[in-house]
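Below is one structure, written out as structure tokens; comments come after it.
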């Protein structure tokens, strides 16, 4: 059965986020006030073939640990839904 | 009042996604079968000061259109919740 997977990758707290810091620093000069705590992450979406939801989650987490993310500096949250639903 | 904002940025359909294509091509060689339709996007999280939720959404969408995203090739989905909740 096919499952749709969303992997939400964020830098762990305490890890420097240069992209977020750059956006935050640029905002006031561009006329946008009142924005703080900017952080930038990434998402990976895919479809995975698995026997059941549990297996889909476990395979996706394996993928994350193996090479989609860097567990030393990043946290990954895996969301799995059956079928071709959008995530 | 403070609002927590999550901007989910994805490439529009039909736009080439080299990062996603590279991951998808690499997977079988790394021993992961059954994964397809890989796409890579980005997320931007921040806190915004606004009078109400409507204003928070409208300011965040302004930000996206102005320089957080490239509307020619990317779609952005803005989610706003009050306070310091995690998104």
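Chains as they are written, first to last, in the numbering used here: chain A, 1 to 87; chain B, 1 to 87.
No residue lacks a Cβ here, since even glycine has one placed at the ideal position from N, Cα and C.
- Task: Would you mind sorting residue 10 of chain A into buried or exposed? The rule is 16 or more other CB atoms within 10 Å of its CB.
- Result: What you label residue 10 of chain A is simply residue 10 of the first chain in a count that begins at 1. The residue in question, residue 10 of chain A, is buried, as its Cβ has 16 or more Cβ neighbours within 10 Å.
- Query: Around the C-beta of residue 88 of chain B, are 16 or more other C-beta atoms found within 10 angstroms, so that it is buried, or is it exposed?
  - Reply: Summary: the structure shown does not reach residue 88 of chain B, with chain B confined to residues 1 through 87, and so no result is reported for it.
- Item | Nearest residue (CA-CA) to residue 17 of chain A, options B/33, B/18, B/72 and B/44 | Here the question's residue 17 of chain A lines up with position 17 in the first chain. Looking at B/33, B/18, B/72 and B/44, the one whose alpha-carbon comes closest to that of residue 17 of chain A is B/44.
- Query: Is it true that the CB of residue 3 of chain B sits closer than 8 Å to the CB of residue 50 of chain B?
  - Reply: As a working mapping, residue 50 of chain B is identified with position 50 in the second chain. As a working mapping, residue 3 of chain B is identified with position 3 in the second chain. Closer than 8 Å, so yes.
- Taking the alpha helix (DSSP H) that residue 12 of chain B falls in, what are its first and last residues? Here residue 12 of chain B refers to the residue found at position 12 when the second chain is read from its first residue. Residue 12 of chain B: not part of any alpha helix (DSSP H); DSSP gives it neither H nor E.
- Message: Among the candidates A/28, A/25, A/47 and A/7, whose CA atom is the shortest distance from the CA of residue 1 of chain A?
- Response: For this step, residue 1 of chain A is matched to residue 1 along the first chain. Selection A/28, A/25, A/47 and A/7 evaluated against residue 1 of chain A yields A/47 as nearest (Cα-Cα).
- Message: With H, G and I counted as helix, E and B as strand and the rest as coil, what does DSSP make of residue 57 of chain B?
- Response: In the second chain, counting from the first residue as 1, residue 57 of chain B sits at position 57. Reduced to three states, the DSSP call for residue 57 of chain B is helix.
- Between residue 79 of chain B and chain A, is there a C-beta pair that is closer than 8 Å? Reading the second chain from its first residue, position 79 is the one you call residue 79 of chain B. Output row for residue 79 of chain B: interface = no.
- Would you call the segment 24-32 of chain B and the segment 25-35 of chain A touching, i.e. three or more CB-CB distances under 8 Å? Pairwise C-beta distances place the segment 24-32 of chain B out of contact with the segment 25-35 of chain A, as fewer than three of them are shorter than 8 Å.
- Item | chain A within 8 Å of residue 15 of chain B, Cβ atoms only | On the second chain, position 15 is the one that residue 15 of chain B refers to. By this cut-off, residue 15 of chain B is not an interface position.
- Query: Name the residues in the segment 36-54 of chain A whose C-beta lies less than 8 Å from a C-beta of chain B; which are they?
  - Reply: Of all residues in the segment 36-54 of chain A, 36, 37, 38, 39, 40, 41, 42, 43, 44, 45, 46, 47, 48, 49 and 50 have a Cβ within less than 8 Å of some Cβ in chain B.
- Query: Who are the neighbours of residue 63 of chain B on chain A, taking C-beta pairs under 7 Å?
  - Reply: The residue labelled residue 63 of chain B in the question sits at position 63 within the second chain. Result: 32.
- Run down chain B in chain order and give the residues with a C-beta less than 8 Å from the C-beta of residue 8 of chain A. Along the first chain, read from residue 1 onward, the residue named residue 8 of chain A stands at position 8. Close partners of residue 8 of chain A in chain B (Cβ separation under 8 Å): 43.
- Message: Whole angstroms are fine: how far does the CA of residue 33 of chain B sit from the CA of residue 56 of chain B?
- Response: Along the second chain, one-based indexing puts residue 56 of chain B at 56. Along the second chain, one-based indexing puts residue 33 of chain B at 33. The straight-line gap from Cα to Cα measures roughly 43 Å.
- Query: In terms of DSSP beta bridges, what is residue 79 of chain B paired with?
  - Reply: By 1-based counting over the second chain, the position of residue 79 of chain B is 79. Residue 79 of chain B is bridged to B/6.
- Task: List the whole-angstrom C-beta distance separating residue 81 of chain B from residue 61 of chain B, where the pair is believed to meet the contact cut-off of C-beta under 8 Å.
- Result: As a position in the second chain, residue 81 of chain B is number 81, starting the count at 1. As a position in the second chain, residue 61 of chain B is number 61, starting the count at 1. With 8 Å as the limit, residue 81 of chain B and residue 61 of chain B do not qualify as a contact, their Cβ atoms being about 15 Å apart.
- Message: Just to confirm, is the Cβ distance from residue 65 of chain B to residue 40 of chain B under 8 Å?
- Response: What you label residue 65 of chain B is simply residue 65 of the second chain in a count that begins at 1. What you label residue 40 of chain B is simply residue 40 of the second chain in a count that begins at 1. No, these two residues do not count as a Cβ contact at 8 Å.
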